[in-house]
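So the sequence lines, in the order shown, correspond to chains X and U.
The first sequence lines up with residues 1 to 210 when you count with my numbering.
The second sequence lines up with residues 1001 to 1210 when you count with my numbering.
Don't be surprised by glycine CBs; every beta carbon is placed ideally from N, CA and C.
Just so you know, these numbers come straight off a predicted model, no measurement behind them.
There are 2 protein chains.
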Amino acid sequence: MSQLTLYHYWRSSCSWRVRWALELKKIPYQSVAVNLLKNEQQDPVYTQKSPAGLVPCLEFGGQYLSESIAILEWLEERYPQMPLLPRNLWDRAKVRELVGLIASDTQPIQNLKVLKFRSSDQKERAVWAKHFISEGLVAYEKAIQKTVGTYSFGGQITFADLCLIPQVYNAHRFNVDMNQLPYCEAIYQRCLKLPSCDAAAPHNQPGAQP
Amino acid sequence: MSQLTLYHYWRSSCSWRVRWALELKKIPYQSVAVNLLKNEQQDPVYTQKSPAGLVPCLEFGGQYLSESIAILEWLEERYPQMPLLPRNLWDRAKVRELVGLIASDTQPIQNLKVLKFRSSDQKERAVWAKHFISEGLVAYEKAIQKTVGTYSFGGQITFADLCLIPQVYNAHRFNVDMNQLPYCEAIYQRCLKLPSCDAAAPHNQPGAQP
Chain X
1 MSQLTLYHYW RSSCSWRVRW ALELKKIPYQ SVAVNLLKNE QQDPVYTQKS
51 PAGLVPCLEF GGQYLSESIA ILEWLEERYP QMPLLPRNLW DRAKVRELVG
101 LIASDTQPIQ NLKVLKFRSS DQKERAVWAK HFISEGLVAY EKAIQKTVGT
151 YSFGGQITFA DLCLIPQVYN AHRFNVDMNQ LPYCEAIYQR CLKLPSCDAA
201 APHNQPGAQP
Chain U
1001 MSQLTLYHYW RSSCSWRVRW ALELKKIPYQ SVAVNLLKNE QQDPVYTQKS
1051 PAGLVPCLEF GGQYLSESIA ILEWLEERYP QMPLLPRNLW DRAKVRELVG
1101 LIASDTQPIQ NLKVLKFRSS DQKERAVWAK HFISEGLVAY EKAIQKTVGT
1151 YSFGGQITFA DLCLIPQVYN AHRFNVDMNQ LPYCEAIYQR CLKLPSCDAA
1201 APHNQPGAQP
């Protein structure tokens, strides 16, 4: 019996970040699917766990934690094996800067909640999502010019990659021009081949649609 | 001569977070105003510092760091006096969860960049901002039910308050109904009276307009 249960949705990019961290750190967990399309995140039993009705949500010892970056930071402090932040303080800060470019400046503006409020028209939604994903990833591409190696920050997989890969996955969904994003695309292709990333990817989750 | 220079804009809520942390930790810094209304953040000299043209941006030893949460985390690791995160690992995580509710789920959706893309009409922009600020703060209000004390997380000022106060300031600007947010409003009123918060507030910054 593992200590952790993860409530998540197969297509949620924030869920993928956490699943990948759990795989990298080899932390076993129970998996519970929350179907956003059926509004299961608003079920009163679920909002006892995550008051704002968010996925992912992590259960540990009868307590619950939402917000993917908070979960990543907790996993890093509680399970220090396979570190996902550098040791050097400034390097850690630069990785968290990359995290912010995706987790604050890009993903939230293109998520389902915002698209629904923007328009009921799928084409208008797609224009919106493509615009902000493209802008966000262009900023990320510039930001990694000095640090890029095998991954976003040299040769170590960090929180930054955990945020980047699901965002590039969304970029492909919304037909963002990846020619302007050669580093992001190369890191994406490289990471998809990692067993840890693949195990955490949408298509391998319960409830995934082709 | 202080070690740090902060590039910021008086009305930027993300800038306020960092200014307040610097005040609380009593870290001296040079202040450089970047006028977003004059697009100074896109000036090529500035984008050498912050490639994505973001405020705030912190300079330390000739290196530059953008993204307010990355800056807060670095300040906390580099200047541990007056801690802004609890010691207990789960408590730290719960504070970072609150941070995410504002810094990922609320502020980015109502910032100037998004409002400009949404519409050129001020009324349409206001409807958008009010909707997402209200939704975000309602989630925050629910999330602090079990932890609220003098501040969001008991009696300690944390990263969560650093994010909350500038967001409530924006809520007032956009006429969000604060009657539905009694805890948020009470913490806001309490914090505004703190000399550290006031010194960091928009009206006390260079370039502030009445």
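Item to complete: For X:V114, return the contacting residues in chain U, with the cut-off set at a CB-CB distance below 7 Å.
Response: Numbered from 1 along the first sequence, position 114 holds the residue referred to as residue 114 of chain X. Per Cβ cutoff of 7 Å: I1109.
Fill in: Extent of the continuous alpha helix (DSSP H) run through U:H1008
Sequence index remark: in the second sequence, residue 1008 of chain U carries index 8 (1-based). Looking at the DSSP string, U:H1008 is not in any alpha helix (DSSP H); the run it does join, the beta strand (DSSP E), is L1004 to H1008.
Item to complete: Under 8 Å between beta-carbons, which chain U residues line up against X:D161? List them in chain order, please.
Response: For the purposes of this step, residue 161 of chain X is taken as the residue at position 161 of the first sequence. Correct list: empty, because the minimum Cβ distance to chain U is about 16 Å.
Worksheet item: Taking Cβ to Cβ, would you say X:N170 is nearer than 9 Å to X:A200?
Response: As a first step, residue 170 of chain X is located in the first sequence; it is residue number 170 there, counting from the start. As a first step, residue 200 of chain X is located in the first sequence; it is residue number 200 there, counting from the start. No, Cβ-Cβ distance for X:N170 and X:A200 is not below 9 Å.
Practice prompt. Would you list the one or two residues that DSSP bridges to U:F1060?
Written response: Here residue 1060 of chain U refers to the residue found at position 60 of the second sequence. The partner list for U:F1060 (beta bridge, DSSP) reads U:L1004 and U:Q1063.
Worksheet entry | Distance, U:R1096 Cα to X:Y64 Cα | Position 64 of the first sequence holds residue 64 of chain X. Position 96 of the second sequence holds residue 1096 of chain U. Going by the C-alpha atoms only, they are around 13 Å apart.
Discussion item. Using a Cβ distance threshold of 8 Å, determine whether the segment 1124 to 1143 of chain U contacts the segment 1174 to 1184 of chain U, with at least three qualifying pairs required.
Written reply: yes
Worksheet item: In the DSSP assignment, what residue or residues form a beta bridge with U:V1032?
Response: Walking along the second sequence from the start, residue 1032 of chain U turns up at place 32. DSSP lists U:Y1007 as partners of U:V1032.
Worksheet item: Thinking C-alpha only, which one of U:Y1183, U:N1111, U:P1166 and U:D1091 is nearest U:W1020?
Response: Sequence index remark: in the second sequence, residue 1020 of chain U carries index 20 (1-based). Closest option to U:W1020, judged by alpha-carbon separation, among U:Y1183, U:N1111, U:P1166 and U:D1091: U:P1166.
Discussion item. Could you compute how far the alpha carbon of U:E1141 sits from the alpha carbon of U:L1181?
Written reply: Counted from its first residue, the second sequence places residue 1141 of chain U at position 141. Counted from its first residue, the second sequence places residue 1181 of chain U at position 181. Computed Cα separation, rounded: 6 Å.
Worksheet entry | For X:Y7, the nearest candidate out of X:A160, X:E73 and X:V55 (CA to CA) | Along the first sequence, read from residue 1 onward, the residue named residue 7 of chain X stands at position 7. Minimum Cα distance to X:Y7 is reached at X:V55.
Practice prompt. Note down, one range per segment and in chain order, each alpha helix (DSSP H) of at least 4 residues found wholly within the segment 96 to 127 of chain X.
Written response: 112 to 118
Worksheet item: Of the choices X:K26, X:T5, X:Y9 and X:W10, whose alpha-carbon is the least far from that of X:P195?
Response: Here residue 195 of chain X refers to the residue found at position 195 of the first sequence. When each option's Cα is compared against that of X:P195, the closest is X:K26.
Worksheet item: CA-CA distance, X:S2 and X:C191?
Response: Numbered from its first residue, the first sequence carries residue 2 of chain X at position 2. Numbered from its first residue, the first sequence carries residue 191 of chain X at position 191. Going from the Cα of X:S2 to the Cα of X:C191 covers about 26 Å.
Discussion item. Within a Cβ cutoff of 6 Å, which residues of the same chain sit near U:L1022, ignoring the five residues on either side of it in sequence?
Written reply: Against the second sequence, residue 1022 of chain U aligns to sequence position 22. Result list for U:L1022: Y1029, in chain order.
Worksheet item: What is the DSSP secondary structure of U:F1132, reduced to helix, strand or coil?
Response: The residue you call residue 1132 of chain U lines up with position 132 of the second sequence. In this structure, U:F1132 counts as helix in the three-state DSSP scheme.
Worksheet item: Any beta-carbon of chain X closer than 9 Å to the one on U:E1124?
Response: Within the second sequence, residue 1124 of chain U is the residue found at index 124, counting from 1. Output row for U:E1124: interface = no.
Practice prompt. For U:G1154, write down the residues that DSSP places opposite it in a beta bridge.
Written response: Within the second sequence, residue 1154 of chain U is the residue found at index 154, counting from 1. Answer is U:V1148 and U:Y1151.
Worksheet entry | Of the residues X:N35, X:P210, X:N204 and X:G149, the one placed nearest X:I187, counting alpha carbons only | Reading the first sequence from its first residue, position 187 is the one you call residue 187 of chain X. The shortest C-alpha to C-alpha distance from X:I187 to any of X:N35, X:P210, X:N204 and X:G149 is the one to X:G149.
Practice prompt. Can you grab the Cα-Cα spacing for the pair U:H1203 / U:Y1009, in whole Å?
Written response: Translated into the one-based positions of the second sequence, residue 1203 of chain U becomes position 203. Translated into the one-based positions of the second sequence, residue 1009 of chain U becomes position 9. C-alpha separation (whole angstroms): 11 Å.
Worksheet entry | Min CB distance U:D1121 to chain X below 9 Å | As a working mapping, residue 1121 of chain U is identified with position 121 in the second sequence. So no, U:D1121 is outside the interface.
Item to complete: Please name the residue in X:R118, X:E185 and X:R87 whose C-alpha comes closest to that of X:L164.
Response: Here residue 164 of chain X refers to the residue found at position 164 when the first sequence is read from its first residue. Answer by Cα proximity: X:E185.
Worksheet item: Are the C-beta atoms of U:V1034 and some chain B residue less than 9 Å apart?
Response: Although the question refers to chain B, the structure presented lacks it and instead comprises the protein chains X and U.
Worksheet item: Do X:L89 and X:F153 have their CB atoms nearer than 9 Å?
Response: Counting from one through the first sequence, the residue named residue 89 of chain X turns up at place 89. Counting from one through the first sequence, the residue named residue 153 of chain X turns up at place 153. No, they are not a contact pair.
Worksheet item: Taking the Cβ atom as the reference point for each residue, do U:I1069 and X:S120 lie within a distance shorter than 9 Å?
Response: As a working note, residue 1069 of chain U is residue 69 in the second sequence. As a working note, residue 120 of chain X is residue 120 in the first sequence. No, the pair does not count as a contact, with Cβ atoms beyond the cut-off.
Practice prompt. State the DSSP-derived secondary structure class of U:K1049, mapped to helix, strand or coil.
Written response: For the purposes of this step, residue 1049 of chain U is taken as residue 49 along the second sequence, with counting starting at 1. It is coil, neither helix nor strand.
Practice prompt. Alpha carbon to alpha carbon, how far is X:G62 from X:K146? Give it in angstroms, no decimals.
Written response: In the first sequence, the residue the question calls residue 146 of chain X occupies position 146. In the first sequence, the residue the question calls residue 62 of chain X occupies position 62. For X:K146 and X:G62, the distance between alpha carbons rounds to 43 Å.
Worksheet item: Does the Cβ-Cβ distance between U:Q1205 and U:S1031 come in under 9 Å?
Response: Taking the second sequence and counting its residues from 1, the one referred to as residue 1205 of chain U is at position 205. Taking the second sequence and counting its residues from 1, the one referred to as residue 1031 of chain U is at position 31. For U:Q1205 and U:S1031, yes; Cβs fall inside 9 Å.
Item to complete: If I'm right that X:L84 touches X:I144 with Cβ under 8 Å, what's the distance once you round it to whole angstroms?
Response: Here residue 84 of chain X refers to the residue found at position 84 of the first sequence. Here residue 144 of chain X refers to the residue found at position 144 of the first sequence. Their Cβ separation, rounded to whole angstroms, is 16 Å, which puts X:L84 and X:I144 out of contact at 8 Å.
Discussion item. Assuming the contact rule is C-beta atoms closer than 8 Å, X:E73 and U:A1160 should be a hit. Round their C-beta distance to whole Å, please.
Written reply: For the purposes of this step, residue 73 of chain X is taken as the residue at position 73 of the first sequence. For the purposes of this step, residue 1160 of chain U is taken as the residue at position 160 of the second sequence. Actually they do not touch by this definition, with Cβ atoms about 14 Å apart.
Worksheet item: Since X:Q63 meets chain U, which of its residues come closer than 8 Å, beta carbon to beta carbon?
Response: For this step, residue 63 of chain X is matched to residue 63 along the first sequence. Here the neighbours are W1090.
Worksheet entry | Own chain partners of X:E211 with C-beta closer than 6 Å, once the 5 adjacent residues on each side are dropped | Here chain X covers residues 1 to 210 and nothing more, so residue 211 of chain X does not appear.
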